[in-house]
Amino acid sequence: MTNFKRGWGLALLCYIWVIILFFASSLLFALGWIPKHYAGIVQEAVVLLGVWLFNHYIAHVPVSFWNRHYGWGQLEQAVPALLLVGHLVVANLPKVLSLPFTPLVLMYLDYVFLIGLTEEYVFRGVMIPLLARSLPNSNFAVVVISSFLFGGLHLINSTYLSLSYVLPQILFATALGVLFAGVYIRTRNLGLPILMHAATDLSLVVQLIQHPSNANLYFSFYISIVAISLCGIILIITLFVADRQVWPAEILTERSATN
Numbered sequence: 001m002t003n004f005k006r007g008w009g010l011a012l013l014c015y016i017w018v019i020i021l022f023f024a025s026s027l028l029f030a031l032g033w034i035p036k037h038y039a040g041i042v043q044e045a046v047v048l049l050g051v052w053l054f055n056h057y058i059a060h061v062p063v064s065f066w067n068r069h070y071g072w073g074q075l076e077q078a079v080p081a082l083l084l085v086g087h088l089v090v091a092n093l094p095k096v097l098s099l100p101f102t103p104l105v106l107m108y109l110d111y112v113f114l115i116g117l118t119e120e121y122v123f124r125g126v127m128i129p130l131l132a133r134s135l136p137n138s139n140f141a142v143v144v145i146s147s148f149l150f151g152g153l154h155l156i157n158s159t160y161l162s163l164s165y166v167l168p169q170i171l172f173a174t175a176l177g178v179l180f181a182g183v184y185i186r187t188r189n190l191g192l193p194i195l196m197h198a199a200t201d202l203s204l205v206v207q208l209i210q211h212p213s214n215a216n217l218y219f220s221f222y223i224s225i226v227a228i229s230l231c232g233i234i235l236i237i238t239l240f241v242a243d244r245q246v247w248p249a250e251i252l253t254e255r256s257a258t259n
């Protein structure tokens, strides 16, 4: 029972807390207390601070932001994720570089880094050790559950985006979550997933500058089915990769274990 409360129980509580923080911070924007351009940054900052406080006072799991040992070995573990992230960077970086360098662009670049920091801290840094408390020696199950929780959170986007766009996004986010979880478990270096996560969101900078209303973020039924199928295939591949990647690793679940 204790393992359930400190594992599954706290993981569920953390997930609910994240959802509450997202909607509570959105309310600040709806009430006009936060300018539109700062809404996303404030939302991510509120979630990051809220989950940090949750971990500091309640969960007490170790979060490793950096690991200076075996640098090349860490990069080797990140290769599968880097292949997928690299494809996205190649597609989106030229678009970002073509934008005029303005304070607004710089702010949105900071925003995508904050997204990576917040979401990796929550779903890899905190959620993985919490789930591992209830699932010792079941690293792959921890990866799957934490990644589907991460992907599922993107359903929140359906409050302002079309479901035809959000459903493929959920599957793709889950696939990325699987790869990032594998990297973190094997390297104990959250910095790598944070940077890769931020790189995958470079397209967001272009969207926010060129289409701030989100009106263009819509897929037709046919395009949505194709995107869902493609993202589903990518997800299956990432699951096979993670299954082989994480089985020999140990997930630290207590802060004292790092001392």
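Each residue of the sequence shown is one higher than the last, beginning at 1 in the numbering used here. In this text, a Cβ means the ideal position worked out from N, Cα and C, and glycines have one as well. Keep in mind that this is a model prediction, so the values were computed, not measured.
Proximity to residue i [Cα-Cα], best of the options
i: N157; options: A173, D110, A227 and T200; result: A173
i: F104; options: L161, Q210 and S229; result: It is Leu, not Phe, that sits at residue 104 in the sequence shown. The residue with the shortest Cα to Cα distance from L104 is Q210.
i: S162; options: P94, G7, G40 and F221; result: F221
i: S138; options: L155, I251 and G152; result: I251
i: L21; options: W72, P35 and L49; result: L49
i: P62; options: I233, V122 and V226; result: V122
i: C14; options: A175, T238, V42 and F54; result: F54
i: I223; options: P248, W66, Q169 and I16; result: Q169
i: F180; options: S25, F219, D243 and S98; result: D243
i: Y111; options: R255, A45, I16 and S229; result: A45
i: G7; options: A249, L135, A227 and R255; result: L135
i: L12; options: R133, L99, P248 and L202; result: R133
i: W66; options: F140, Y218, I185 and V226; result: I185
Within 8 Å, strictly: CB atoms of residue i and residue j
i: V142; j: I128; result: yes
i: V126; j: A30; result: no
i: C231; j: L149; result: no
i: T200; j: V85; result: yes
i: A206; j: V96; result: A small correction: the amino acid at residue 206 is Val; Ala does not occupy that position in the sequence shown. Yes; because the gap between Cβ atoms is below 8 Å, this pair is in contact.
i: V183; j: A78; result: yes
i: S147; j: L131; result: no
i: V18; j: L153; result: yes
i: L264; j: M196; result: Because residue 264 is not part of the residues shown, which for the chain are 1 to 259, the question remains open.
i: F113; j: W247; result: no
i: A175; j: L235; result: yes
i: V51; j: S25; result: no
i: L202; j: N92; result: yes
i: F219; j: S256; result: no
For this session: Tell me, please, whether the stretch 188-195 touches the stretch 111-123 by the rule of three or more beta-carbon pairs shorter than 8 Å.
Result: Contact between the stretch 188-195 and the stretch 111-123 is present, because at least three Cβ pairs lie under 8 Å.
Problem set entry | In chain order, each alpha helix (DSSP H) run of at least 4 residues that lies wholly inside the stretch 26-112 | Segments of the alpha helix (DSSP H) lying fully in the stretch 26-112: 39-54 and 71-97.
For this session: May I have a chain-ordered list of the alpha helix (DSSP H) segments no shorter than 4 residues that lie completely inside the stretch 196-255?
Result: 202-210 and 221-246
Exercise. Can you list the alpha helix (DSSP H) stretches of 4 or more residues lying completely in the stretch 145-197, in chain order?
Worked result: 163-187
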